[in-house]
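Under the UniProt record's numbering, the residue at position 81 of the sequence shown is numbered 81, and the numbers go up by one with no gaps. Every residue, glycine too, gets a C-beta built ideally from N, C-alpha and C. Data first, discussion second: the structure below is written as structure tokens.
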Amino acid sequence: MTFVRNDSKVFRFCRSKCHRNFNRKRNPRKVKWTKAFRKAAGKEMALDSTFEFEKVRNRAVKYDRDLVGATLHAIARVNQIKEKREAAFYKNRMKDSKAKQKAQDLKELETNISLIKPDVVRVREANQLNAQDMERQTNVVGGDDGADMDE
1 MTFVRNDSKV
11 FRFCRSKCHR
21 NFNRKRNPRK
31 VKWTKAFRKA
41 AGKEMALDST
51 FEFEKVRNRA
61 VKYDRDLVGA
71 TLHAIARVNQ
81 IKEKREAAFY
91 KNRMKDSKAK
101 QKAQDLKELE
111 TNISLIKPDV
121 VRVREANQLN
131 AQDMERQTNV
141 VGGDDGADMD
151 E
């Protein structure tokens with residue numbers, strides 16, 4: 001879908017969801033699923049030299065086979081660089097979150113320590129369950145006068 005404003009500014013929408021939000025005059029920087037929000041919140045790279053290659057150019061270029069080949073190689077290389085930079089950006093962003101998550105986990109452990117059973121108690125309960133299972137199996141195999149048959 002395309003919308004052209006009175007000042008000849010062209011808006012192209014990828015789907016009706018985007019078009020509806022534009023018509024409702026919603027600010028894309030406040031809608032969490034938009035690229036504008038992700039860039040404004042620092043979740044995606046906003047400034048990088050690789051974005052210059054994605055700009056739309058209106059000048060037609062005469063076809064040249066060598067130029068097309070070189071362009072395809074350049075596109076592949078730019079994509080490699082871009083992926084590497086995005087990975088580094090993500091890693092740098094997540095660096096602090098690991099420490100925060102660990103602190104949250106420790107705090108939760110401190111507040112709910114009563115819910116956690118010590119290893120000794122856990123092993124003892126497992127042994128008791130195993131002993132009960134062994135008793136049941138010996139009763140079934142032993143077949144004491146068929147009392148268990150009507151259950």
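What does DSSP give as the partner residues of residue i in its beta bridges?
{"i": "R12", "result": "T2"}
Pull up the CB-CB distance for residue i and residue j, whole angstroms please, since I reckon it's below 8 Å.
{"i": "V78", "j": "T50", "result": "6 Å"}
{"i": "A36", "j": "P28", "result": "4 Å"}
{"i": "N21", "j": "V10", "result": "That belief does not hold up - the Cβ atoms of N21 and V10 are roughly 17 Å apart, past 8 Å."}
{"i": "A55", "j": "A46", "result": "It is Lys, not Ala, that sits at residue 55 in the sequence shown. About 15 Å separates the two Cβ atoms, so there is no contact after all."}
{"i": "D48", "j": "R85", "result": "6 Å"}
Using the three-state DSSP reduction, which class does residue i fall into: helix, strand or coil?
{"i": "I75", "result": "helix"}
{"i": "E44", "result": "coil"}
{"i": "V140", "result": "helix"}
{"i": "A60", "result": "coil"}
{"i": "N27", "result": "coil"}
{"i": "N112", "result": "coil"}
{"i": "N50", "result": "Looking at the sequence itself, residue 50 is Thr, so the reference to Asn does not match. It is helical."}
{"i": "D7", "result": "coil"}
{"i": "K98", "result": "helix"}
{"i": "K17", "result": "helix"}
{"i": "K91", "result": "helix"}
{"i": "K82", "result": "helix"}
{"i": "K55", "result": "coil"}
{"i": "K117", "result": "coil"}
{"i": "K39", "result": "helix"}
Relative to the alpha-carbon of residue i, which residue among the options has its alpha-carbon at the smallest distance?
{"i": "K43", "options": "N21, R93 and R15", "result": "R93"}
To which residues of the same chain is residue i closer than 6 Å at the C-beta, ignoring the five residues directly before and after it?
{"i": "A131", "result": "none"}
{"i": "M1", "result": "F13 and H19"}
{"i": "K82", "result": "T50"}
Tell me which same chain residues have a C-beta within less than 7 Å of the C-beta of residue i, skipping the five on either side of it?
{"i": "N127", "result": "none"}
{"i": "V120", "result": "none"}
Counting only the same chain and skipping the five closest in sequence on each side, list residues whose C-beta sits under 8 Å from that of residue i.
{"i": "S16", "result": "M1"}
{"i": "R5", "result": "F11"}
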